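Contents: one structure, followed by commentary.
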Amino acid sequence: MTTASNTVVAPFRRAARIGAIQISEILRIAALATQRRKEGRPMIVLGAGEPDFDTPENVKEAAIRAIRAGQTKYTVLDGTAELKAAIRAKFRRENQLDYAQHEISVGAGAKQVMHNAFMATLDAGDEVILAAPYWTSYADMVLIAGGRPVPVRCAEENGFRLDAADLEAAITPRTRWLLLNSPSNPSGAAYSAERLRPIVDVLTRHPHVWLMSDDIYEHLRYDGTPFVTAVQLEPALASRTLTVNGVSKAYAMTGWRLGYGAGPADLIAAMRVVQSQSTSNPSSISQAAAIAALGGPQDHLATWRERFRRRRDSVVARLNAIDGIRCPTPDGAFYVFASCAGLIGRRTPAGDTISDDGAFCRYLLDAVDVAVVPGSCFGLAPYFRISYAASDADLDEACGRIARACERLQ
Ligand SMILES: Cc1ncc(COP(=O)(O)O)c(C=O)c1O
Numbered sequence: 128m129t130t131a132s133n134t135v136v137a138p139f140r141r142a143a144r145i146g147a148i149q150i151s152e153i154l155r156i157a158a159l160a161t162q163r164r165k166e167g168r169p170m171i172v173l174g175a176g177e178p179d180f181d182t183p184e185n186v187k188e189a190a191i192r193a194i195r196a197g198q199t200k201y202t203v204l205d206g207t208a209e210l211k212a213a214i215r216a217k218f219r220r221e222n223q224l225d226y227a228q229h230e231i232s233v234g235a236g237a238k239q240v241m242h243n244a245f246m247a248t249l250d251a252g253d254e255v256i257l258a259a260p261y262w263t264s265y266a267d268m269v270l271i272a273g274g275r276p277v278p279v280r281c282a283e284e285n286g287f288r289l290d291a292a293d294l295e296a297a298i299t300p301r302t303r304w305l306l307l308n309s310p311s312n313p314s315g316a317a318y319s320a321e322r323l324r325p326i327v328d329v330l331t332r333h334p335h336v337w338l339m340s341d342d343i344y345e346h347l348r349y350d351g352t353p354f355v356t357a358v359q360l361e362p363a364l365a366s367r368t369l370t371v372n373g374v375s376k377a378y379a380m381t382g383w384r385l386g387y388g389a390g391p392a393d394l395i396a397a398m399r400v401v402q403s404q405s406t407s408n409p410s411s412i413s414q415a416a417a418i419a420a421l422g423g424p425q426d427h428l429a430t431w432r433e434r435f436r437r438r439r440d441s442v443v444a445r446l447n448a449i450d451g452i453r454c455p456t457p458d459g460a461f462y463v464f465a466s467c468a469g470l471i472g473r474r475t476p477a478g479d480t481i482s483d484d485g486a487f488c489r490y491l492l493d494a495v496d497v498a499v500v501p502g503s504c505f506g507l508a509p510y511f512r513i514s515y516a517a518s519d520a521d522l523d524e525a526c527g528r529i530a531r532a533c534e535r536l537q
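When we follow this note's numbering, the leftmost residue of the sequence shown carries the number 128, and every step to the right adds one.
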């Protein structure tokens, strides 16, 4: 391009900080599916990381009241006193944890809270251990903050849970954080107190490693074992743990952008610096809504859990009936993480080889208009993730189409 005076404008150059990081593969697949739907294809997209239920009425009403009451201005930087009081009460009620107000930080989603923490703590080359399969954003958030993601493979045979010995082997003097997510996106694996204990013991032996506990799927568990977060199990970890949570999943409030973290005051103060020079406060209206969510009735959760559990069981059964697919039953969240190892090497009717999980997912997209996400996006192949936060009819139709697509492979 040239300007009016015909001087040549330098081409766009990305900052090294974001290097080769791209918009997440999940969003790319969703955009492709939307495009094809516009072209008239009967797409079913099972990639969503959000409940298909509506935000509870009491929450919506609280937001409308806040708007009418003029709560539409900047608030204090990282959460109003009222919201922090509601978060403190939530931690006491559900996790038996007693955080002070200044040990809590509220941001525009759990994602911003984690981003703040990485920006506030990572120097170039500092390492963050991720339990693979992990939520795609973790690795990119670490990279943007200048750190180095260190994935540790969590075997299917171990329920996709992190093995304590593998964790210990991955720790180096540069390790700053272990990021643990229970129940997990994408595998649904959850850590009971018994399973968490060996992980906590490793951390106890390595006092320079901090823990980021992403508890965002806390309320979406189907195996009947009580939820436990690391600091609850081992109070000594409180001085080096950031416990992250939010309202996106438990209250179907993904669009409201509201999450929070609780941890040592020094860390929270450093995170506040990052937020102060990026977004400032999360939406005042969303904060008012979150007070209603956390402090109001919680009975929708039992209904949602039951609906998710039925969908999970149905999808797991349907996938396991397909030759070449193996689908373990996840403990929680709203995803299944199925193996397509048995299909690798087979050929499509068009003559293409299913060389990996990416090729399998592309085949499903092209041949039967079903969008799912390859396991390689989450650091573990050859698998694919299905989100069952979708209608029963769509799940039923999608499973039928996947079965037919697999039958056609040779
Ligand atoms: C594991 C995990 N953590 C955090 C988030 C982000 O939550 P929020 O909407 O609060 O930013 C997601 C969203 O998909 C997630 O899957």
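In this text, a Cβ means the ideal position worked out from N, Cα and C, and glycines have one as well.
Bear in mind that the values here come from a model prediction, so they are computed numbers and not experimental data.
- Closest in alpha carbon position to Asp250, among Arg144, Tyr344 and Arg528, is Arg144.
- The closest CA to that of Val371, considering only Asn243, Asp350, Ser466 and Glu433, is found on Asn243.
- Between Gly273 and Tyr201, the alpha-carbon positions lie close to 30 angstroms from each other.
- Checking the DSSP bridge columns, you'll see Arg474 partnered with Thr480.
- Taking each of Gln223, Gln239 and Pro183 in turn and checking the Cα distance to Thr406, the smallest one comes out for Gln239.
- A straight line joining the alpha-carbon of Gln402 with that of Tyr318 spans about 31 angstroms.
- Judged by the Cβ position, Ser375 qualifies as a neighbour of ligand 1 at the 8 angstroms threshold, a heavy atom of the ligand being closer than this.
- For the set Pro300, Arg489, Ala175 and Leu446, the Cα lying nearest the Cα of His335 is the one of Pro300.
- DSSP links Tyr510 through a beta bridge to Ser466.
- Short of 7 angstroms from the beta carbon of Ser314, and not among the five residues preceding or following it, lie these beta carbons of its own chain, in chain order: Pro260, Phe287, Pro457 and Phe464.
- Separation of the CB atoms of Ala420 and Val355 is rounded to 22 angstroms, and the pair is thereby denied contact status at 8 angstroms.
- Around Ala460, the same chain offers Pro310, Asn312, Gly315, Tyr344 and Leu347 as residues with beta carbons nearer than 6 angstroms, after the five sequence neighbours per side are excluded.
- The residue among Ser340, Gly388, Arg192 and Gly197 with its C-alpha nearest the C-alpha of Ala258 is Ser340.
- The Cβ atoms of Ala516 and Gly176 lie closer than 9 angstroms to each other.
- The beta carbon of Glu177 sits closer than 8 angstroms to at least one heavy atom of ligand 1.
- The three-state secondary structure of Gly373, taken from DSSP, is strand.
- Buried is the label assigned to Arg215, since at least 16 other Cβ atoms lie within 10 Å of its Cβ.
- Positions of the beta strand (DSSP E) runs, each at least 3 residues long and wholly inside the segment 252-297, are given as 254-259 and 275-280 in order along the chain.
- Where Ser518 is concerned, there is no enclosing alpha helix (DSSP H), because DSSP gives it neither an H nor an E.
- Assigned with DSSP and collapsed to three states, Pro313 falls in coil, not helix or strand.
- Counting along the chain, Thr356 sits inside no alpha helix (DSSP H), nor does DSSP assign it H or E at all.
- Counting only runs of 3+ residues, no beta strand (DSSP E) is found wholly inside the segment 151-227.
- Annotation: Leu204 to Gln149 spans about 29 angstroms, alpha carbon to alpha carbon.
- Residue state for Arg303 is assigned as strand, using DSSP reduced to three classes.
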